[in-house]
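Take 1 as the starting number for the sequence shown in full-length UniProt numbering and just add one per residue. Note that beta-carbon positions come from the ideal geometry of N, C-alpha and C, so glycine has one too.
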Amino acid sequence: MGEKIEIRGARQHNLRNISLDVPKRKITVFTGVSGSGKSSLVFGTIAAESRRLVNETYTAFIQGLMPHYAQPDVDELRNLSAAIVVDQKRLGGNSRSTVGTVTDTYAMLRLLYSRVGEPRVGPAHHFSFNDPEGMCTDCDGLGWATRVSLDELLDRDRSLNTGAIRFPAFEVDSWYWNLYAQSGLFDNDKPLRDYTDEEWHHLLHGPARKLKVKLPTVGGTMNSTYEGLLPRFKRLYLGRELDQVPAQLRADVARIATAGRCTSCAGTRLNEAARTCRVRGRTITECTAMQVSDLAPLVRGITDRPVAPLVTALAARLESLVHIGLGYLSLDRESATLSGGEAQRVRMVRHLGSSLTDIAYVLDEPSVGLHPHDVHRLNELLVALRDKGNTVLVVEHEPAVIAIADHVVDMGPGAGEQGGEIVYTGDLAGLRAAGTLTGRHLDRRQPIRTQVRPATGWLHVPHADLHNLRDVDVRIPTGVLTVVTGVAGSGKSALIRGCLPQHHPEAIIVDQTLPKGSKRSNPATYTGLLDLIRRSFASANGVGAALFSANSEGACPRCQGLGMIYTDLAFLETVATVCEACGGQRYREDVLRYRLRGRTISEVLAMSVTEARAFFTEPALAARLAALDDVGLGYLTLGQPLDTLSGGERQRIKLASELGRTSQVYILDEPTTGLHPHDVAKLIVLLDRLVDGGSTVVTIEHNLDVVGRADWIVDLGPGAGHDGGTVVFFSMATSFAAAALGAEGLAADVTMLVGNGFVPGHAELALGLVREVAGVRALFEARLAAD
């Protein structure tokens with residue numbers, strides 16, 4: 001078997017016909033600026049071809065049910081291993097999906113309770129909130145129930161004829177209104193307040209019965225079914241997620257219906273039999289509500305011989321979650337609430353106990369969302385995967401992760417059309433001396449801010465107690481850059497994304513919820529640039545602006561404005577070919593005759609952001625293009641489909657679309673996600689410019705370069721979950737930096753930290769961050785090792 005993955009002539013996306021060998025059973029880290037081609041090589045070429053070849057081993061019928069992977073644009077790939085991709089896509093699913101269900105720990109816990117729980121309940125599915133045998137029937141296993149406010153739905157002083165039902169879809173003369181008005185059960189001129197108990201029951205809960213409804217507009221009648229108002233309203237509008245309700249009705253639904261904890265099961269989701277069964281005095285719902293770090297030793301202490309193998313497997317899975325830094329989670333935590341980084345690490349845990357070897361594990365920036373204090377845990381996991389005989393391929397920017405690489409592949413030299421080449425391959429020492437952007441930034445640190453900007457006011461957040469916050473009362477300064485730090489699970493997001501906007505709704509939140517991508521959406525459409533470009537073309541040529549939309553009048557009739565023809569081949573990969581009618585330009589031929597300063601609309605959309613910035617002189621266009629360039633996306637073309645962009649690129653497009661405003665309060669959730677250190681420096685310049693322009697910027701961040709440039713720091717901790725939720729440092733960044741720069745010994749360090757605002761007893765975690773910020777990491781580590 002070959003000892004290297006051999007890649008010859010890779011041209012996927014922006015790759016420039018590159019060839020290289022990647023060592024097997026080693027850790028190879030792929031580095032380079034955002035857009036340099038790392039993902040195209042690792043995910044779009046190596047992983048995609050591996051998964052495609054594995055799928056081809058199944059029958060055509062099975063392949064039709066599996067995800068399809070296109071054959072990458074590469075001449076040859078040899079010695080591939082089966083690839084397992086662990087990316088940053090958020091865990092999908094609805095409220096029925098939890099940390100316990102996606103890690104299979106809840107399935108093992110259910111089996112445990114079915115075997116040794118007292119009193120005996122039955123098989124394992126009797127403890128499942130997703131099974132009718134185990135779920136609470138009042139909330140269908142969701143843990144919450146929706147309550148309808150009759151005072152909001154009905155005006156009791158009115159009759160049916162005068163609009164007693166206060167919901168647009170049931171207004172007078174509407175179809176649904178006619179079902180009640182023509183039922184013959186009510187006096188339509190009688191106020192609801194005067195209804196008898198029988199009439200009230202019929203209106204709200206009346207049983208279903210056949211009904212002929214007159215159709216005043218067209219004449220005649222139609223057969224229909226009468227149904228009580230409450231069951232009909234719940235069936236039509238409460239049996240789905242709010243974003244699935246017609247947009248014009250969402251505000252009214254939210255006014256009438258409120259969700260709250262189910263009173264029958266107290267939010268535990270299970271029926272009485274399941275939630276009263278105990279093992280070692282604990283119910284299964286008590287176990288799932290515990291932090292994993294507390295549950296693991298509890299499970300390990302169960303000594304019943306019949307379930308010993310099960311206890312061992314469950315405890316090992318829980319301890320793996322703790323080891324990877326997710327011990328603060330609980331098994332009943334809904335999976336949709338996990339961040340991208342948390343979701344990726346949850347997926348990684350599933351592979352720790354696997355007996356498979358010679359697998360290629362492909363990871364996308366696994367350090368995202370990790371505090372520097374926890375990166376070593378990630379590194380230990382990567383090393384463990386390698387030592388089992390697997391190939392580990394990691395796309396990463398974090399220097400501490402790059403440091404454990406056996407082999408490094410640096411992509412560049414730039415991004416987009418300026419990237420797609422291999423600028424260095426070899427070991428870490430060689431990368432430091434290579435002179436590439438990555439090599440130059442490995443040991444480079446942003447200078448610590450020594451002159452902080454004064455606060456112009458305060459954003460007060462009183463008595464915050466969301467999730468694990470412990471009655472936190474904090475004031476966030478305005479007119480400055482505030483960085484909120486702390487280990488994952490310490491309460492940063494609960495405080496800044498949850499509580500701060502509640503008290504200050506004017507804040508603009510730019511979080512990690514990514515804009516949805518499609519073949520028709522692109523940076524120009526998402527940021528509103530295309531509307532301005534179309535108007536410029538329309539004005540210059542004296543025609544309508546709709547003519548310059550590939551989704552409207554100007555679309556090529558053959559490809560419907562996509563530029564490509566997609567042919568579905570059932571179980572085979574869909575074939576995409578360039579539209580012969582428009583040559584991939586997406587527009588009708590007559591539209592492409594119109595020009596703006598010598599360029600067609602298709603040529604403009606093919607420009608990069610940087611090129612477009614030099615081309616357009618219109619102020620509104622220039623401002624939005626500058627924002628895209630400032631967040632490090634100058635290499636993107638205006639018409640590049642949004643579904644081809646990485647998560648970090650989409651987040652920065654979202655950030656750029658919000659940056660045109662001034663004197664605002666911005667809340668940013670880890671804006672350095674997916675950014676190369678070279679681009680982090682650009683982001684810091686942008687944040688400084690926002691603050692200097694009168695805005696307030698509050699960012700949740702682990703990146704130490706950003707922390708070092710803060711005017712004010714709020715550090716939460718001291719740990720995660722129930723060990724966090726308190727403010728352990730709150731002060732100007734100068735005192736924070738001085739604590740690291742001026743210490744002469746470990747005792748003096750602790751004394752100074754406590755004096756500068758750290759809660760006594762929490763200095764160890766504080767030191768972990770401070771020594772990084774100050775750039776004296778080696779000094780502190782040597783002292784700690786000596787002690």
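Let me check understanding here. Comparing Cα to Cα, which of G341, E286 and L529 lies closest to E658?
L529
Start-to-end residues for the alpha helix (DSSP H) that takes in V680:
P677 to D692
C-beta atoms of R333 and A315 nearer than 8 Å:
no
So, at 6 Å on beta carbons, what are the nonlocal neighbours of H678 in its own chain, with the 5 sequence-adjacent residues on each side left out?
The beta carbon of H678 sits closer than 6 Å to those of V33, L437 and H441, all from its chain and outside the five residues before and after it, given in chain order.
What separation, rounded to the nearest whole angstrom, lies between the Cα atoms of D723 and L495?
15 Å
Is it true that the segment 695-712 meets the segment 534-544, where meeting means three or more beta-carbon pairs spaced less than 8 Å apart?
no
Grab the span of the alpha helix (DSSP H) containing I165 for me, first residue to last.
First-last for I165: undefined, no H or E at that position.
Along the chain, which unbroken stretches of the beta strand (DSSP E) at least 3 residues long are found entirely within the segment 126-180?
144-148
Grab the span of the alpha helix (DSSP H) containing S224 for me, first residue to last.
From DSSP, S224 is part of no alpha helix (DSSP H) but of the beta strand (DSSP E) over T221 to Y226.
Taking C-beta to C-beta, are residue 790 and P477 nearer than 8 Å?
Any property of residue 790 remains undetermined from this structure, which presents the chain solely from 1 to 787.
Can you give me the start and stop residues for the beta strand (DSSP E) that M108 sits inside?
It is not in any beta strand (DSSP E) - M108 instead sits in the alpha helix (DSSP H) that spans T105 to V116.
So, for P191: in the same chain, excluding its five sequence neighbours on each side, which residues have a beta-carbon less than 8 Å away from its beta-carbon?
The residues are R156, D157, R158, S159 and A164.
Beta-carbon proximity check, Y672 vs Q651, cutoff 8 Å:
Residue 672 is actually Thr in this sequence, not Tyr. Result no, Cβ atoms of T672 and Q651 do not sit closer than 8 Å.
Is it buried or exposed, D630, if we count other Cβ atoms within 10 angstroms and call 16 or more buried?
buried
Rounded to a whole number of angstroms, what is the C-alpha to C-alpha distance between V697 and H676?
Counting only the Cα atoms, H676 lies some 21 Å from V697.
In DSSP terms, what S731 is bridged to
I713
Buried versus exposed, by CB contacts within 10 Å (16 or more), G9:
The residue in question, G9, is exposed, as its Cβ has fewer than 16 Cβ neighbours within 10 Å.
So, helix, strand or coil for N17, using DSSP?
DSSP, read as helix, strand or coil, puts N17 in coil.
Stretch-stretch touch, CB-based, cutoff 8 Å, three pairs: the segment 402-412 with the segment 22-39
yes
Go to F30, then tell me how far its alpha helix (DSSP H) extends in each direction, as first and last residue.
Element bounds for F30: not the alpha helix (DSSP H) but the beta strand (DSSP E), I27 to T31.
Please name the residue, chosen from E198, P23, L211 and R193, that lies closest to A181 on a Cα-to-Cα basis.
L211
Tell me the rounded alpha-carbon separation between T57 and V362.
21 Å
Straight-line gap, R120 to I684 (C-alpha atoms, nearest Å):
Distance between the alpha carbons of R120 and I684 is about 60 Å.
Nearest neighbour of L310, chosen from S114, E272, V368 and H467 [CA to CA]:
S114
Would Q291 and G325 qualify as a contact pair, given that the criterion is a beta-carbon distance under 8 Å?
no
Quick check: the Cα distance between Y106 and G100, rounded to an integer number of angstroms?
4 Å
Over what stretch of residues does the alpha helix (DSSP H) that includes G100 continue unbroken?
Residues V99 to V102.
Output needed for F170: all residues of its chain with C-beta closer than 6 Å, excluding positions within five of it in sequence on either side, in chain order.
Excluding residues within five positions, the ones whose Cβ falls inside 6 Å are Y176 and W177.
T617: buried (16+ other C-beta within 10 angstroms of its C-beta) or exposed?
exposed
Which word fits I62, buried or exposed, when buried means at least 16 other C-beta atoms lie within 10 angstroms of its C-beta?
Using a 10 angstroms sphere on the CB of I62, the tally of other CB atoms stays under 16, which defines it as exposed.
In chain order, which continuous runs of the beta strand (DSSP E) of length 3 or greater are located wholly inside the segment 301-325?
none
Beta strand (DSSP E) containing D87: first to last residue?
Premise fails: D87 is in no beta strand (DSSP E) and is neither H nor E.
By Cβ distance, which residues of its chain are closer than 7 Å to I256, with the 5 residues on each side in sequence left out?
V148, S149, E152, L153 and F167
Which residue wins for smallest C-alpha separation from E421, given the options L41, V29 and G141?
L41
List the residues that DSSP assigns as beta-bridge partners of Q291.
DSSP lists S330 as the beta-bridge partner residues of Q291.
V461 vs V480 beta-carbon contact at 8 Å
no
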